[in-house]
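Since the structure comes first, as structure tokens, the remarks are kept for the end.
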Amino acid sequence: MQNKIFSKEAFSGKNLVISGGAGDIGLEVAMEFVKAGINKIALLDNNTDQLNFASDALKKMSCDNIKIETDLSKEASIKAAIEKIYKEEKHWDILVTSAGLYIGGTLIDYQADDWDKLMVINARSVFLLSRLMAEQMIKRGQGKIVHIGSSSTHYGTPGSGAYAASKAIVNQLTQTMAVEWGPHNIQVNTICPTVTETKFLKFVEGDALHEKFREKLKRKIALNRLLMPSDIAPTVLFLASEAAQFINGAVIPIDGGAKLVST
Ligand SMILES: NC(=O)c1ccc[n+]([C@@H]2O[C@H](COP(=O)([O-])OP(=O)(O)OC[C@H]3O[C@@H](n4cnc5c(N)ncnc54)[C@H](O)[C@@H]3O)[C@@H](O)[C@H]2O)c1
Numbered sequence: 001m002q003n004k005i006f007s008k009e010a011f012s013g014k015n016l017v018i019s020g021g022a023g024d025i026g027l028e029v030a031m032e033f034v035k036a037g038i039n040k041i042a043l044l045d046n047n048t049d050q051l052n053f054a055s056d057a058l059k060k061m062s063c064d065n066i067k068i069e070t071d072l073s074k075e076a077s078i079k080a081a082i083e084k085i086y087k088e089e090k091h092w093d094i095l096v097t098s099a100g101l102y103i104g105g106t107l108i109d110y111q112a113d114d115w116d117k118l119m120v121i122n123a124r125s126v127f128l129l130s131r132l133m134a135e136q137m138i139k140r141g142q143g144k145i146v147h148i149g150s151s152s153t154h155y156g157t158p159g160s161g162a163y164a165a166s167k168a169i170v171n172q173l174t175q176t177m178a179v180e181w182g183p184h185n186i187q188v189n190t191i192c193p194t195v196t197e198t199k200f201l202k203f204v205e206g207d208a209l210h211e212k213f214r215e216k217l218k219r220k221i222a223l224n225r226l227l228m229p230s231d232i233a234p235t236v237l238f239l240a241s242e243a244a245q246f247i248n249g250a251v252i253p254i255d256g257g258a259k260l261v262s263t
């Protein structure tokens, strides 16, 4: 279905890099960009099967795309991916960082190794990838960066403290990136979705997909339904579009009013 907000030409001539582009939210975002006329997409992910699936899905929509197996936990792998995409195209206009890892656990029980794993993917890779892209965007004097953060950064989150802390780093980085790169006409913003109807859910609470857990989540959301990837994608497109030229350094909740509900 054609997006009613963005025309088929909204992003024509623009190229998009998306980390975690093979994931549930990443692929939905990529597909929405295709409907809005994006020229080319580079998918960066370390899950080969999902990467193939995502690339094929985009091809079926006649989207020119390259899939690059990238281990975002390794700086050399990130650098190699960026070198590869700039051999393919002179300009990449938009970066969306959607790769993410969730390892739950209360702070008392949390393992230091798990803490490190989360920080490396959810925070360090966002920094390294954004910096490499920003270096190129600065040369062109324009660029848009949208990070997928998490609404868990806005409250105490029992059982998700390390995850929330790793995502809180992204919120802060967003502001510094916005200030350091804003003078080069690069806008950097973060969206913070609440728990979303994806396979990510099963990591949050074991076999979470049963109704009881869903009901518990819904009660916390003023709109009384769970967030879908299709609710997230249009906001990413808006922030990457000309319409958001003066939005920079924003950390935007997509949580259906969850903060307002007292339970
Ligand atoms: N699903 C949710 O409930 C939810 C809620 C709020 C925020 N988020 C955030 O949204 C983003 C996307 O989540 P999703 O639901 O699509 O999850 P997902 O697991 O479907 O997608 C995440 C992607 O990141 C990739 N990835 C993980 N480690 C990697 C590595 N070392 N190198 C390269 N790629 C790697 C995975 O292969 C996967 O394709 C994540 O940053 C997540 O933290 C998710």
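Each residue of the sequence shown is one higher than the one before, starting from 1 at the first, in the working numbering.
All residues carry an ideal CB built from backbone N, CA and C; glycine is no exception.
Just so it is clear, the structure is predicted and the values come from calculations on it, not from any experiment.
Exercise. How is Thr-48 classed by DSSP in three states: helix, strand or coil?
Worked result: Taking the first residue of the sequence shown as position 1, residue 48 is located at position 48. Residue state, collapsed to three classes: helix.
Exercise. Looking at the unbroken alpha helix (DSSP H) that takes in Gln-136, where does it start and where does it end?
Worked result: By one-based count along the sequence shown, residue 136 stands at place 136. Per DSSP, the continuous alpha helix (DSSP H) segment holding Gln-136 begins and ends at 125-140.
Problem set entry | 8 angstroms Cβ cutoff met for Leu-72 and Ile-121 | Sequence index remark: in the sequence shown, residue 72 carries index 72 (1-based). Sequence index remark: in the sequence shown, residue 121 carries index 121 (1-based). In contact: Leu-72 and Ile-121 (Cβ atoms closer than 8 angstroms).
Exercise. Below 8 angstroms, can you find three or more Cβ-Cβ pairs linking the segment 207-227 to the segment 21-29?
Worked result: no
For this session: For Pro-193, verify whether its CB is less than 7 angstroms away from any heavy atom of ligand 1.
Result: Counted from its first residue, the sequence shown places residue 193 at position 193. Under cutoff, so the answer is yes.
Exercise. In its own chain, which residues sit with a C-beta less than 8 angstroms from the C-beta of Asp-114, not counting the 5 before and 5 after it?
Worked result: Numbered from 1 along the sequence shown, position 114 holds the residue referred to as residue 114. Taken in chain order, the residues that qualify are Ile-103, Gly-105, Ala-162.
Exercise. So, Val-146 versus Val-96, is the Cβ gap smaller than 8 angstroms?
Worked result: Taking the first residue of the sequence shown as position 1, residue 146 is located at position 146. Taking the first residue of the sequence shown as position 1, residue 96 is located at position 96. Cβ distance < 8 angstroms, so Val-146 and Val-96 count as in contact.
Problem set entry | Environment of Ser-151 [buried if 16+ CB atoms lie within 10 Å] | What you label residue 151 is simply residue 151 of the sequence shown in a count that begins at 1. Under this definition Ser-151 is a buried residue.
For this session: Note the first and the last residue of the continuous alpha helix (DSSP H) segment covering Ser-166.
Result: Numbered from 1 along the sequence shown, position 166 holds the residue referred to as residue 166. Run containing Ser-166: 161-181, per the alpha helix (DSSP H) assignment.
Exercise. Can you check whether the CB of Thr-196 is closer than 8 angstroms to the CB of Leu-237?
Worked result: The sequence position of residue 237 within the sequence shown is 237, counting from 1. The sequence position of residue 196 within the sequence shown is 196, counting from 1. Contact flag unset, no.
For this session: Could you tell me if the beta carbon of Gly-156 falls within a distance shorter than 7 angstroms of some heavy atom in ligand 1?
Result: On the sequence shown, position 156 is the one that residue 156 refers to. False, no ligand heavy atom lies under 7 angstroms from that Cβ.
Problem set entry | Cβ pair count under 8 angstroms reaching 3, the segment 167-176 against the segment 237-254 | yes
Problem set entry | Where Met-61 falls, given that 16 or more other Cβ within 10 Å makes a residue buried | Residue numbering aside, residue 61 sits at position 61 when the sequence shown is read from its first letter. Exposed is the call here.
Problem set entry | Given 8 angstroms, three or more beta-carbon pairs between the segment 30-45 and the segment 63-82 | Yes: the two stretches touch, three or more of their Cβ pairs being nearer than 8 angstroms.
For this session: Using a threshold of 8 angstroms, state whether the C-beta atoms of Glu-28 and Pro-229 are closer than that.
Result: One-based indexing of the sequence shown puts residue 28 at position 28. One-based indexing of the sequence shown puts residue 229 at position 229. For Glu-28 and Pro-229, yes; Cβs fall inside 8 angstroms.
Exercise. CB-CB under 7 angstroms to Thr-153, same chain, minus the five flanking residues each way: which ones, in chain order?
Worked result: Translated into the one-based positions of the sequence shown, residue 153 becomes position 153. Ala-164, Lys-167, Ala-168, Asn-171, Cys-192, listed in sequence order.
Exercise. If you measure from the CB of Ser-130, is any heavy atom of ligand 1 nearer than 7 angstroms?
Worked result: To locate residue 130, count along the sequence shown from 1; it is residue 130. Not so, every heavy atom of ligand 1 lies at least 7 angstroms from the Cβ.
Exercise. From Ile-186, Leu-101, Ser-98, pick the residue whose C-alpha is nearest to that of Ala-134; which is it?
Worked result: Mapped onto the sequence shown, residue 134 falls at position 134. Ranking Ile-186, Leu-101, Ser-98 by Cα distance to Ala-134 puts Ile-186 first.
Exercise. Can you tell me where the alpha helix (DSSP H) with Ile-25 in it begins and where it stops?
Worked result: For this step, residue 25 is matched to residue 25 along the sequence shown. Here the alpha helix (DSSP H) through Ile-25 covers 24-35.
Exercise. For Ala-30 versus Leu-43, is the C-beta spacing smaller than 8 angstroms?
Worked result: The residue you call residue 30 lines up with position 30 of the sequence shown. The residue you call residue 43 lines up with position 43 of the sequence shown. Yes; because the gap between Cβ atoms is below 8 angstroms, this pair is in contact.
Exercise. In this structure, what does DSSP give as the bridge partners for Thr-97?
Worked result: Translated into the one-based positions of the sequence shown, residue 97 becomes position 97. DSSP lists Ser-19, His-147 as partners of Thr-97.
Exercise. Taking the alpha-carbon positions, what's the Asp-56 to Gly-26 distance?
Worked result: By one-based count along the sequence shown, residue 56 stands at place 56. By one-based count along the sequence shown, residue 26 stands at place 26. Cα to Cα, Asp-56 sits roughly 14 angstroms from Gly-26.
Exercise. Over what stretch of residues does the beta strand (DSSP E) that includes Ile-191 continue unbroken?
Worked result: Along the sequence shown, one-based indexing puts residue 191 at 191. Counting along the chain, the beta strand (DSSP E) containing Ile-191 begins and ends at 186-193.
Exercise. Which residues does DSSP pair with Glu-69 in a beta bridge?
Worked result: Here residue 69 is taken as the residue at index 69 of the sequence shown, counted from 1. BP columns for Glu-69 point to Asp-45.
Exercise. Any heavy atom of ligand 1 closer than 7 angstroms to the Cβ of Gln-172?
Worked result: In the sequence shown, the residue the question calls residue 172 occupies position 172. No, the beta carbon of Gln-172 sits no closer than 7 angstroms to any heavy atom of ligand 1.
Exercise. Under the rule that 16 or more other beta-carbon atoms within 10 Å means buried, what is Phe-11, buried or exposed?
Worked result: Within the sequence shown, residue 11 is the residue found at index 11, counting from 1. Looking at its Cβ environment, which holds 16 or more other Cβ atoms inside 10 Å, Phe-11 is buried.
Exercise. What is the residue span of the alpha helix (DSSP H) that Asn-253 lies within?
Worked result: Sequence index remark: in the sequence shown, residue 253 carries index 253 (1-based). According to the sequence as given, residue 253 is Pro; it is not Asn. Taken as a continuous stretch (DSSP letters only), Pro-253 belongs to no alpha helix (DSSP H), being part of the beta strand (DSSP E) at 251-254.
Problem set entry | For Ile-254, the nearest candidate out of Asp-231, Leu-58, Ala-240 (CA to CA) | Walking along the sequence shown from the start, residue 254 turns up at place 254. Here the closest residue by C-alpha is Asp-231.
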